[in-house]
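Quick mapping for you: the protein sequence lines, in order, are chains A and B. The working numbering numbers the first residue of the first sequence as 1 and each following residue consecutively. The working numbering numbers the first residue of the second sequence as 1 and each following residue consecutively. Ideal placement from N, C-alpha and C gives every residue a C-beta, glycine not left out. Given the structure is predicted, the values throughout are model-derived calculations rather than measurements. Taking it in order: structure first as structure tokens, then the write-up.
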Amino acid sequence: MEFITLFGPPKKKEPTVFEKIKEAVGKTKENFTEQLEELLQGRKEIDAGMLAEIEAIMIGADIGVNTTTEILASIRAQVSRQTLSDPTQLKNAIKEELRRILKVNYAPPRQVEEGNPFVLVMVGVNGVGKTTTIGKLANRFRKDGKSVMLCAADTFRAAATEQLEIWATRSDVPIVKQKAGADPSAVLFDALQSAKARKIDYVIVDTAGRLHTKNNLMAELEKMTRIAKREVPGAPHEVLLVMDATTGQNGLTQAKEFTKTAGVTGLVLTKLDGTAKGGVVTAIARDLKIPIRFVGVGEKMDDLIEFSADDFVDSLFAA
Amino acid sequence: MFETLSDKLQKVFKNLRGESRLSELHIEEALKEIRIALLEADVNFKVVKQFTDTVKAKALGQEVFESLSPGQQVVKIVRDELVEMLGGSNVKINFTSQPPTVLMLVGLQGSGKTTSSGKLSKWMQKNGHRPMLVSVDVYRPAAREQLRVIAKEIGVKIYEGGPDDKPLRLCQDALREARNTGHDVLIIDTAGRLHIDESLMQELREIKDTVKPHEILFVADAMLGQDAVKSAQQFHGQLGFNGFILTKMDGDARGGAALSIKHVTGQPVKFVGTGEKYDALELFHPDRLVSRIIGMGDILSLIEKAEEAIDQKAAMDSLEKIRTDGFTLEDFRDQLRQVRKLGSLESILSLLPSIGPFKDLQKAKVDEKEITRIEAIINSMTPKERRNDKIINGSRRKRIARGSGTSVQEVNQLLKQYAQTRQMMKNMKNTMFGGRKLPKGMKLPQMPF
Ligand SMILES: Nc1nc2c(ncn2[C@@H]2O[C@H](COP(=O)(O)OP(=O)(O)O)[C@@H](O)[C@H]2O)c(=O)[nH]1
Ligand SMILES: Nc1nc2c(ncn2[C@@H]2O[C@H](COP(=O)(O)OP(=O)(O)O)[C@@H](O)[C@H]2O)c(=O)[nH]1
Ligand SMILES: [Mg+2]
Ligand SMILES: [Mg+2]
């Protein structure tokens, strides 16, 4: 079987995060500007006030106190060593620090054994966009000519299965489901059996939203990954933690806990079409070295783009 | 766990003893810590700035109280100031004298509007109202189905409308239906939307202008970060909401966004969502959120919760039993059931402060399954055994294990726990309360963990 490149280069030119956000922000009367640009205009020297303003932008983007302080300390050191003095260089220096943190090297998804599906599990707290992202990913894989199956393992939330079914219909992919309240692991088991029998390329597993503080629900997730592994060698090949861009500092704890129990391999940052910047992923990338894979920029099927550290850093400083 | 703000402030001021006034230098130092704590709790940085300025003005030159250390004193100023900021009048729902009272829930995508609509309807019903629900979320896949399932589960009337009805039409029809069928409350669940989405915001304005809801509630996720001010400001600016619901407070987010929202809109938190179940809705208590934001735990919530759920009489009975040392395995089981009634054990433990005597308790991961198992074991005993554990010998243990689907070791362990609890309660009776009446609701130290 061929090596499935889940995150290979996009086939066609996609709009960048920057453009998408520009489009979204364009809906308002506000102008889309670079806060940094404005801030630095006409200034001759890097001074304390300037750094304080930059700090405010970074904190305001949810980058967090620790990461912000660390980056600014490095900048201050460069300023005092006089390797950095020109305000026009300042912008690049800061962006460079951020890019360095965000460009987490990640191992590509494991090769899938002959006759087995690639198993992708979506996890995250409540209401972040797991189901919607699955709909978007299914569409994406279908467009790449792959066969996809959805697994409705959120048997808890009211009408969660119906929601996923609508997404399945939209991309014309099969869905495996059971009745509300069923054991999620049982649904997963069914889906994996069925996918193997039908030689499906990708199984995308929807899970119920859960707060990382709920031990029993986290244990359930752990059990699901165990089942996946038992039924398909090497599965789950990908565990994506979905995070809402409006999330504050709690995002870091979420990432830690979900990684511990579910072995998160990547992040999806949703709702970047709003005004929230999603800066907490910087802290996550820095502390946990989890790569960000995709960005959600709307509620429609095509509103999913691959993460680019460069665009993301630009968007952090956009007003 | 993280060091709490109070711990940090104690450190800042540890050299100050003996001085009679809070000095500027010390206050600056303290403010730095306060600032970081608030930012880490997701309070918006602009709000933090204003807040620390106020605290500074209040703290400067204050005399150092005899009874408080300077650190405690600053904590107190911070605390009081935060409570003041979060508090406010008008936290009740505005009911109209000419029913139906119309409530509309609005907010960003996924914040918890639909779930909260269900919870509110249940709450209303419990309080003697006849609520009706209507979903006008015609966008999100299966959103209306979701509310229908919830309504059915709760046993509340829902106006379903036609599959192609537009939001405004749905509201109008539901209102008429509510009026005609004697429902005194109509709760409108709207689609999630971004505050910058002009056309969808316009849709809400139209509903507001036509239906004239008595109460518009903004539903905000407790995990919100710095952007909370923007969305809240815009929703408020365009719709003028009367309050907000803070959801997902059963997690460990500090909930500082609530402070930002209150600060920029002036509207109070009216309810707090504490779980996915439909009774997980609580009234808001500013002091508790403040303790949580600055990391002092939420002991008050805990006590009140205990008060609500624990049958007072049972509590007194069991106190009597401790006095007479007649605490049997049956009582032990009753206690477990009481604990269960309190809701998820984890949610209770998470309310405890991460400091002081509860430090380790919080770390102890309590498995709900464990309670089920303990119950099963006790259920498999004969009434005689439950009243007198001394007769439970080896063969009885084997029988009990078989009957409850557990192992003899597990039965042994339970009996040990029971013995320890009984001992603990005996000690407590002697030391803590010294024969005085047990404070209301204070029954938790008797938990067998
Ligand atoms: N604006 C916007 N909304 C999104 C995005 N992703 C998901 N949503 C919305 O967020 C809400 C919750 O999404 P859902 O997929 O049900 O979340 P889940 O509970 O994690 O499965 C829905 O209203 C979605 O339409 C996004 O990228 N942008
Ligand atoms: N843990 C927890 N989950 C909640 C709470 N309120 C809502 N949710 C969950 O958050 C998710 C989104 O809720 P929903 O009502 O669909 O949000 P809506 O898109 O605003 O209508 C669902 O998974 C709910 O079960 C709460 O107070 N605590
Ligand atoms: Mg879902
Ligand atoms: Mg909804």
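Rounded to the nearest angstrom, the gap between the Cα atoms of Gly-405 of chain B and Ala-180 of chain A is 27 Å.
A residue is called buried when at least 16 other Cβ atoms come within 10 angstroms of its Cβ; Pro-213 of chain B meets this threshold and is buried. Per DSSP, the continuous alpha helix (DSSP H) segment holding Glu-24 of chain B begins and ends at 24-40. Contact between Gly-256 of chain B and Leu-108 of chain B is absent: CB atoms are separated by about 17 Å, not below the 8 Å threshold.
In this structure, Leu-194 of chain B has its CB closer than 8 Å to one or more heavy atoms of ligand 1. Residue A:Leu-84 holds the alpha-carbon nearest to the alpha-carbon of Lys-44 of chain A among A:Ile-75, A:Leu-84, A:Ala-168. Pairwise C-beta distances place the segment 26-36 of chain B out of contact with the segment 214-227 of chain B, as fewer than three of them are shorter than 8 Å. Contacts with chain A at 9 Å (Cβ-Cβ) do not include Tyr-418 of chain B. Contact check for Lys-277 of chain A and Ala-61 of chain A: beta-carbon distance about 4 Å, within the 8 Å limit, so the pair qualifies.
For the segment 170-235 of chain A, the full-length beta strand (DSSP E) segments reaching 3 residues or more read 202-207 along the chain. Among the residues facing chain B, Asn-139 of chain A is not included, as its CB has no counterpart in that chain under 9 Å away. Its chain contains Glu-33 as the residues whose beta carbon lies nearer than 6 Å to that of Lys-8 of chain B, once the 5 sequence neighbours on both sides are disregarded; these appear in chain order.
In this structure the segment 215-229 of chain A lies against the segment 180-194 of chain A, because at least three pairs of beta carbons, one per stretch, are closer than 8 Å. For Gly-107 of chain B, the secondary structure class from DSSP, reduced to helix, strand or coil, is coil. Apart from the 5 residues on each side of it in sequence, Asn-44 of chain B sits with its Cβ closer than 6 Å to the Cβ of Gln-226, Val-229, Ser-260 in its chain, given in chain order. Between ligand 3 and Gln-163 of chain A, a heavy atom-to-CB distance of less than 8 Å is present. In terms of beta-carbon proximity, Lys-230 of chain B lines the interface with chain A, with at least one pair separated by less than 9 Å. The Cβ of Thr-213 of chain A sits closer than 9 Å to at least one Cβ of chain B. Burial of Arg-140 of chain B is indicated by the presence of at least 16 other C-beta atoms within 10 angstroms of its C-beta.
Judged by their CB atoms, Met-104 of chain B and Val-211 of chain B are nearer to each other than the 9 Å cut-off. The residues Glu-206, Ile-207, Thr-210, in chain order, have a CB closer than 7 Å to that of Leu-168 of chain B in the same chain once the five nearest residues on each side in sequence are set aside. Of the candidates A:His-237, A:Thr-275, A:Thr-261, A:Thr-275 places its Cα closest to the Cα of Asp-244 of chain A.
Here Val-280 of chain A really is in contact with Thr-247 of chain A; their C-beta atoms are around 6 Å apart, less than 8 Å. Residue ranges of uninterrupted alpha helix (DSSP H) with 4 or more members, entirely inside the segment 42-101 of chain A and ordered along the chain, are 48-60, 65-80.
For the beta strand (DSSP E) assignment, the uninterrupted runs of no fewer than 3 residues enclosed by the segment 141-192 of chain B are, from N- to C-terminal side, 157-159, 185-189. Look at the segment 208-241 of chain B: the residues with a C-beta under 9 Å from a C-beta of chain A are Asp-221, Ala-222, Met-223, Leu-224, Gly-225, Gln-226, Asp-227, Ala-228, Lys-230, Ser-231, Gln-234. Under DSSP, Leu-283 of chain B shares a beta bridge with B:Phe-271. Of all residues in the segment 31-63 of chain B, only Ile-36, Leu-39, Glu-40, Asp-42, Phe-45 place a beta-carbon less than 7 Å from a beta-carbon of chain A. Only residues of its own chain outside the window of five on either side were considered, and among them Glu-375 have a CB closer than 8 Å to the CB of Arg-337 of chain B, listed in chain order. Within 8 Å of the C-beta of Asp-303 of chain A there is at least one heavy atom belonging to ligand 1. By the Cβ criterion, the segment 95-103 of chain B is in contact with the segment 182-199 of chain B, since at least three pairs of Cβ atoms, one from each stretch, lie closer than 8 Å. Around the beta carbon of Ser-121 of chain B, 16 or more other beta carbons sit within 10 angstroms, so the residue counts as buried. Distances taken from the Cβ of Lys-113 of chain B to the heavy atoms of ligand 4 include one shorter than 8 Å.
The beta carbon of Val-78 of chain B sits no closer than 9 Å to any beta carbon of chain A. Residues Val-313 of the same chain have their beta carbon placed closer than 6 Å to that of Leu-98 of chain A, with the five preceding and five following residues left out of the count.
Relative to ligand 2, Ser-116 of chain B has its C-beta within less than 8 Å of a heavy atom.
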